[in-house]
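Remarks on the structure that follows.
If you want it as structure tokens, here you go:
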């Protein structure tokens with residue numbers, strides 16, 4: 010898995026390889042006891058994979074091949090104390106819920122395109138809103154920090170961008186009528202996923218806030234059964250996936 014993590018693989022094989030590796034080295038010691046677990050979600054072409062590799066490999070200018078690879082990506086940032094799972098945009102709900110059922114997830118990121126065209130795409134906004142609130146309601150993630158990233162672009166430095174940002178927050182159901190966040194575990198941040206770096210102040214503020222949430226909320230104990238239960242659940246999912254091919 011480590012040899013292929015940057016290149017990625019098919020979603021079903023990703024599950025198979027990952028769980029086999031977990032089973033070989035219980036209890037999840039390969040992830041590192043001190044590494045915080047971050048999940049990246051988002052609709053297709055939201056910019057989440059671009060964000061991952063902007064943080065991991067700033068010299069990588071072209072991420073188009075990675076973006077359109079229907080796979081998951083996993084990267085460790087050991088010196089910074091966290092790792093990131095970049096989850097495929099398609100069919101992620103039924104496959105990846107098993108991960109946050111059996112692993113402690115410190116933070117969930119959901120990336121949303123914030124271009125003018127995206128704001129006018131009401132179907133996309135409605136879909137993103139549905140997925141965000143599905144994740145927010147998951148009991149296994151009730152102690153996780155939630156960060157919605159509004160992916161702004163280089164040409165979005167126009168004077169009315171702040172108005173668009175506020176409109177997006179309301180359209181996605183992230184704030185109430187007064188503009189206050191609907192949860193103290195939820196934060197919205199505007200970033201250019203193509204240019205952000207680990208040293209950027211906005212990213213550092215996100216990391217500090219995740220630490221605050223982790224200290225504030227009680228730890229969610231993973232489901233009983235550990236690696237064995239995860240293995241059984243994985244087999245059920247693979248059989249289900251095979252039935253749809």
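Numbering (this note's numbering), first residue to last: 10 to 254. We put the beta carbon where it would ideally sit given N, CA and C, even for glycine.
Residue 120 - containing beta strand (DSSP E), residue span: That run of the beta strand (DSSP E) goes 116-122.
Backbone CA spacing between residue 171 and residue 141 [nearest angstrom]: 21 angstroms
Sort out for me which residues DSSP pairs residue 160 with in a bridge. 122, 200
Do residue 93 and the ligand SAH come close, with the Cβ less than 8 angstroms from some heavy atom? This structure simply doesn't include the ligand SAH, nor any ligand for that matter.
Under three-state DSSP, which class holds residue 57? helix
Enclosing alpha helix (DSSP H) for residue 95 [first to last residue]: First-last for residue 95: 91-95, but that is the beta strand (DSSP E), not the alpha helix (DSSP H).
What residues in its chain sit with their C-beta under 8 angstroms from that of residue 253, if we drop five residues either side in the sequence? With a pLDDT of only 48 at residue 253, under the threshold of 50, the placement of this residue in the model should not be trusted, and no figure is reported.
When DSSP labels each residue in this structure, what does residue 154 get in the three-state scheme? strand
What does a CB cutoff of less than 7 angstroms around residue 61 pick up in its chain, not counting 5 residues either side in sequence? These residues qualify, in order along the chain: 49, 82, 84, 93, 95.
Cα-Cα separation, residue 178 to residue 112: 29 angstroms
DSSP bridge partner residues for residue 83 (one or two, in chain order): 94
Measure the C-alpha to C-alpha separation of residue 64 and residue 188 and round it to an integer number of angstroms. For the pair residue 64 and residue 188, the Cα-to-Cα distance works out to about 30 angstroms.
Using 10 angstroms around the beta-carbon of residue 126, count the other beta-carbons present and answer buried if the total reaches 16, otherwise exposed. exposed
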